[in-house]
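With the sequence shown counted from 1, adding 132 to any position gets you the working numbering.
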Amino acid sequence: MRAVKMKLKVRAIMSLLCVTTICVSWRGYTSYSLPQDESPCACERCISEDDPWFMQRFNKSVEPFLSADHNLSEDTFNWWKGLQGEKGNLSTFRATVDRLFLMVPPIPDVLESRPDRCRTCAVVGNSGNLRRARYGPLIDFHDIIIRMNEGQTKGFEADVGTRTTHRIMYPESSVESIENTTHLVLAPFKTIDFVWLMEALTTRFKEMPEWIVRREMKANKYLVMILNPAFMRYVHYMWLEKKGYYPSTGFLALVLSLHICDEVSVFGYGADSDGNWSHYWQQLANKKIKTGSHPGKTEYSIIQELDEQHKVKFYKGF
Ligand code: C5P
133 MRAVKMKLKV RAIMSLLCVT TICVSWRGYT SYSLPQDESP CACERCISED
183 DPWFMQRFNK SVEPFLSADH NLSEDTFNWW KGLQGEKGNL STFRATVDRL
233 FLMVPPIPDV LESRPDRCRT CAVVGNSGNL RRARYGPLID FHDIIIRMNE
283 GQTKGFEADV GTRTTHRIMY PESSVESIEN TTHLVLAPFK TIDFVWLMEA
333 LTTRFKEMPE WIVRREMKAN KYLVMILNPA FMRYVHYMWL EKKGYYPSTG
383 FLALVLSLHI CDEVSVFGYG ADSDGNWSHY WQQLANKKIK TGSHPGKTEY
433 SIIQELDEQH KVKFYKGF
């Protein structure tokens with residue numbers, strides 16, 4: 133009797149083990165097979181769909197924004213230090229960024245990709261080719277609208293639209309005030325840029341040394357985001373193959389859009405007939421400015437290639 137009971141117990145345990153193994157294998161199979169069948173986003177085409185030219189450059193794992201628990205490597209810091217002659221060391225950088233993150237959101241506010249979501253983005257550079265382009269309604273139609281530096285909408289609504297969800301800038305290129313609903317995205321080039329932002333959001337530059345640009349700047353501190361120096365380096369190395377001194381704000385914005393959007397429309401990129409980066413809101417005073425320290429031609433040809441590869445839609449203006 134005892135032996136029979138024992139046999140039954142062993143059989144029951146064996147059956148249970150079998151069922152568990154089948155369940156685990158099935159779950160493994162389905163979770164492996166689902167993403168292959170399902171599109172990663174709800175747009176007609178999703179940027180993350182791969183092809184060799186794109187995948188040679190695009191690296192999804194690079195975080196576009198810093199978060200409070202960032203861990204910038206010495207190597208990346210040393211690259212970043214060279215951009216605008218930073219003199220400080222990595223520990224001063226870390227301590228300053230830690231102070232900033234006591235004030236602004238510690239985790240960047242990014243809408244994650246989802247199979248049932250289509251994140252459409254318009255990236256709007258400042259090119260003079262936007263004058264009389266009449267892209268305003270089209271630009272405003274996007275979910276996310278990224279502008280940069282002093283790119284303004286007032287007085288140019290018909291050509292460039294009215295809405296701005298993200299504005300990328302640094303102290304020297306800043307505007308006086310950003311709408312309460314717009315994300316300020318700081319593109320940092322030196323440690324004092326973080327101090328500038330903290331003071332702009334609090335003491336209004338009372339503690340800033342005299343020689344630092346003291347532009348007034350009002351922004352909603354709950355919407356601040358910080359571009360990751362590791363991302364800036366990735367753009368320079370992988371996308372620009374180290375050409376030029378470093379990527380322009382506009383090109384950083386463009387690659388950023390490939391990381392946070394599913395469908396990207398590009399407006400306002402391209403030099404004028406003399407090869408200068410002129411603006412849509414002003415006549416160019418310095419006709420020798422060209423594209424500054426940035427590899428303007430390479431950046432432009434990459435945007436064209438992205439358009440040809442159907443990764444972005446490039447609106448070339450007038
Ligand atoms: O001149 P600014 O740097 O404010 O312009 C923002 C960005 O727009 C530049 O970094 C550049 O990428 C792009 N731009 C352009 N052609 C222009 C002017 C600006 O491609 N004529």
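Here a beta-carbon is modelled for each residue, glycine too, at the ideal position from N, C-alpha and C.
Look at the alpha carbon of Ile332 and the alpha carbon of Gly214, and state the distance between them as a whole number of angstroms. It should be noted that the sequence gives Ala, not Ile, for residue 332. Computed Cα separation, rounded: 25 Å.
Ser305 to Ile271, Cα distance in whole Å? Taking the straight line from one Cα to the other gives about 23 Å.
For the ligand C5P, I want to know if Tyr401 counts as a neighbour, meaning its beta carbon is within less than 6 Å of at least one of the ligand's heavy atoms. At least one heavy atom of the ligand C5P falls within 6 Å of the beta-carbon of Tyr401.
Let me know the secondary structure DSSP gives Gln436 once reduced to three states. In this structure, Gln436 counts as helix in the three-state DSSP scheme.
Would the C-beta of Gly257 count as close to the ligand C5P, meaning under 6 Å from any of its heavy atoms? Yes, since a heavy atom of the ligand C5P falls inside the 6 Å radius drawn around the Cβ of Gly257.
Answer yes or no: the CB of Gly382 versus the heavy atoms of the ligand C5P, is any distance below 6 Å? With a threshold of 6 Å, the Cβ atom of Gly382 counts as near the ligand C5P, since some heavy atom of the ligand is closer than that.
Tell me whether Met340, by its Cβ, gets closer than 6 Å to a heavy atom of the ligand C5P. Not so, every heavy atom of the ligand C5P lies at least 6 Å from the Cβ.
Cutting at 6 Å between CB atoms, please list the residues of its own chain near Leu198, excluding the five before and the five after it. Excluding positions up to five away in sequence, the list reads Ile358, Asn360.
From the DSSP output, which residues share a beta bridge with Thr252? Glu395.
List the residues that DSSP assigns as beta-bridge partners of Phe446. In DSSP, Phe446 forms a bridge with Val398.
Thinking C-beta only, is Trp409 closer than 7 Å to Thr423? It is a contact, given that the beta carbons lie within the stated cut-off.
For Trp185, count neighbouring C-beta atoms within 10 Å of its own C-beta (all shown protein chains included) and say buried if the count is 16 or more, exposed if not. Classification of Trp185: exposed, given that the 10 Å Cβ count is below 16.
Heavy atom of the ligand C5P less than 6 Å from the Cβ of Met301, yes or no? Result no, Cβ not under 6 Å from the ligand C5P.
By the 10 Å Cβ neighbour count, where 16 or more other Cβ atoms means buried, how is Thr313 classified, buried or exposed? With fewer than 16 Cβ atoms within 10 Å of its Cβ, Thr313 is classed as exposed.
Is the beta carbon of Val256 closer than 7 Å to that of Ser389? Cβ distance not < 7 Å, so Ser389 and Val256 don't count as in contact.
In angstroms, rounded to a whole number, what distance separates the CA positions of Leu243 and Ile300? Spanning the two alpha carbons is a distance of roughly 17 Å.
Helix, strand or coil for Val307 per DSSP? In the three-state scheme derived from DSSP, where H, G and I count as helix and E and B as strand, Val307 is classed as coil.
Check this for me: beta carbons of Ser398 and Phe363, under 7 Å apart or not? In the sequence as displayed, the identity of residue 398 is Val instead of Ser. It is not a contact, given that the beta carbons lie outside the stated cut-off.
Does Asp394 pass the burial test, meaning 16 or more other C-beta atoms within 10 Å, or should it be called exposed? Classification for Asp394: buried.
Given 6 Å as the limit, tell me if Asn210 has its C-beta closer than that to any heavy atom belonging to the ligand C5P. No.
What first and last residue would you give for the alpha helix (DSSP H) that runs through Met364? Where Met364 is concerned, the enclosing alpha helix (DSSP H) stretches over 361-366.
Looking only at its own chain, which residues have a Cβ that is under 6 Å from the Cβ of Glu289, when we skip the five neighbours before and after it? Within the same chain, Glu289 has close Cβ partners Gly268.
Trp409 Cβ short of 6 Å to the ligand C5P heavy atom set: True, at least one ligand heavy atom lies under 6 Å from that Cβ.
Starting from the N-terminal side, write out each stretch of the alpha helix (DSSP H) that is 4 residues or longer and does not extend beyond the stretch 174-217. Every alpha helix (DSSP H) of 4 residues or more that sits fully in the stretch 174-217 is shown, in chain order, as 184-189, 206-213.
Which of helix, strand or coil DSSP assigns to Ser223: For Ser223, the three-state secondary structure derived from DSSP is helix.
Own chain partners of Phe321 with C-beta closer than 7 Å, once the 5 adjacent residues on each side are dropped: Contacts found: Leu215, Gln216, Tyr302.
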